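Heads up, the thing below is written out as structure tokens.
Have a look at this one:
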């Protein structure tokens, strides 16, 4: 009888006598048992079975108006070809818009006849957080929807109403009225996540219904430039169209993220998905439940990253904090004494390691709170106390302008310095470059394309407001400041530059 594989393996493992001692033969690597960490978690099925009934599909519908064919009174020849709307990555509306535009095309790819409005539907995901009927999903899943239905794992459905939504974090809260208490899930602490930790995504990919996928936490604190408070969890768990709004679980069955976006050239999962951390979601949900909206703190400043060059020009040992590029005249920072050129390194007891830390921390701080802010000013730490305002709308935070007492000559004076052609501002130059009256300083009229200035994205029409954190009003002022920096042995000049609209930013130029 042929020996089984198990018998062969046991033969390798069986001790044999060698003299008076007993030794074990070494098991070949390909026969060694697979370690537990390499096999993956064994309780994914248990977690999925426990939470699956709390994960729901979100079905929305809205009326869409068809467009007329070319040549009708829509003046399409002058407007150019109609383009398809842009939707967030991974949004279920992406399929809807694609189908809508393709179905309207007539023979030869032309747009079809104008026809009455029709109702179109879309699908996403969500999850129940309260047995009484509170459901979390993405804002882009329900945006513009006229009717919202929540579909459960058993096929039953209930109409939903929007409690509140927050476009900035892409989170929405819905309310349904069930006949009996629902299965609900709890939030976990996303701050405790570790790289490589196993996570489970459950949702409604491609409208297939409840689907489970597993992967690991690939990265944390990802900024994908989708909003002002980006702080995503990155995972390789399969997330596809329709997963938007669904939960990302840890192995304790706790929600540690809301699946929101993917990066994919094909439209399907390539192992790069993003979820809003539960730490962000819980704060948003609490405010939506209480106020039906999110009330965020407002400092009233414009900030930029502290680069190595800027850190050196400011005398900082390392690049850290958020550099104040402008202060809103009506914002809370101005009466507190915070100025352009300050570097905020601590806010309300929390360290600001880089620029993007500040907006999130300020937004999460209660409106009206007196907050201690530590800034670096000319190499020294100073404490300021700010009574935080409320950011009702980001567009209301107007760009700051810097006033200068310097009075430039009426006659245009042109100088060349650091690869720049500079001139005193005159009415003609203001009109030529459309520079606002509030902008004071020295205007850039030309740039040497072979100089370092060309690499700093400076353009003709920009105005240099300050040099080394001191205001200038004429080209002579500019040259005097540069000469002094060179005499002091400085390698870089820190410039505060305003665009024609008055928006400020800091730029460093080499003096060598």
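Residue numbers (my numbering): 1 to 512. Backbone N, C-alpha and C define an ideal beta-carbon position, used for all residues, glycine too. No experiment lies behind these values; they were computed from the predicted model shown.
- Setting aside the 5 residues that flank it on each side, residue 272 is surrounded in the same chain by 218, 234, 236, 262, 263, 264, each with a C-beta closer than 8 Å to its C-beta; the list follows chain order.
- Apart from sequence neighbours up to five positions away, the residues of its chain that approach residue 296 with a beta-carbon distance below 6 Å are 363, 391, ordered along the chain.
- Taking a cut-off of 8 Å on C-beta distances, the region 460-470 touches the region 432-448, as three or more cross pairs fall below it.
- In the three-state reduction of the DSSP assignment, residue 266 falls in the coil class.
- Here the alpha carbon of residue 343 sits roughly 20 Å from the alpha carbon of residue 490.
- Per DSSP, the unbroken beta strand (DSSP E) holding residue 385 starts and ends at 380-387.
- Non-local C-beta neighbours of residue 303 in its own chain, meaning closer than 7 Å and more than five positions away in sequence, comprise 322, 323, 324, 325, 355, 358, ordered along the chain.
- Along the region 127-167, the beta strand (DSSP E) occurs as fully enclosed runs of 3 or more residues at 134-138, 147-151, 157-166, listed in sequence order.
- Here residue 256 is not bridged, per DSSP, to any residue.
- Going by beta carbons, residue 367 and residue 384 fall outside the 8 Å limit.
- A check of alpha carbon separations from residue 286 across 492, 206, 171 identifies 171 as the nearest.
- Look at the region 276-363 and you find these whole runs of alpha helix (DSSP H), each 4 residues long or longer: 278-291, 308-313.
- Secondary structure note for residue 475: it is in no beta strand (DSSP E), and the uninterrupted alpha helix (DSSP H) holding it is 475-487.
- Per DSSP, the unbroken beta strand (DSSP E) holding residue 498 starts and ends at 492-498.
- Per DSSP, the beta-bridge partners of residue 56 are 126.
- Per DSSP, the beta-bridge partners of residue 175 are 134, 161.
- Contact check for residue 248 against residue 201 passes: the beta carbons are separated by less than 8 Å.
- A Cβ-Cβ separation of about 4 Å places residue 137 in contact with residue 126 under the 8 Å criterion.
- When the alpha-carbon of residue 195 is set against those of 205, 361, 221, the nearest one is in 221.
- For residue 275, the CB contacts under 7 Å within the same chain, skipping 5 residues up- and downstream, are 232, 233, 235, 248, 257, 258, 259, 260 in chain order.
- In the structure shown, the three-state DSSP call for residue 508 is strand.
- If you ignore the 5 residues before and after residue 469, its C-beta comes within less than 6 Å of the C-beta of 341, all in its own chain and listed in chain order.
- The Cβ-Cβ distance between residue 55 and residue 203 falls below 8 Å.
- It is roughly 14 Å from the alpha-carbon of residue 130 to the alpha-carbon of residue 179.
- Ranked by Cα distance from residue 382, the first of 365, 338, 168, 418 is 338.
- Residue pairing from DSSP places residue 466 in a beta bridge opposite 471, 496.
- With fewer than 16 other CB atoms across the displayed protein chains lying within 10 angstroms of its CB, residue 266 is exposed.
- Counting only the Cα atoms, residue 299 lies some 11 Å from residue 347.
- Excluding residues up to 5 positions away in sequence, 419, 420, 421, 453, 454, 458, 459, 460 lie with their Cβ nearer than 8 Å to the Cβ of residue 447 in the same chain.
- Put simply, the backbone Cα of residue 210 is about 40 Å away from that of residue 350.
- If you check the CB distance, residue 507 and residue 440 do not come in under 8 Å.
- For residue 223, there is no enclosing alpha helix (DSSP H), as DSSP marks it with neither H nor E.
- The C-alpha of residue 301 is placed about 31 Å away from the C-alpha of residue 451.
- Taking 8 Å as the cut-off, the beta carbon of residue 485 is found no closer than this to the beta carbon of residue 495.
- Counting along the chain, the unbroken beta strand (DSSP E) around residue 201 starts and ends at 198-203.
- Between residue 246 and residue 49, the alpha-carbon positions lie close to 16 Å from each other.
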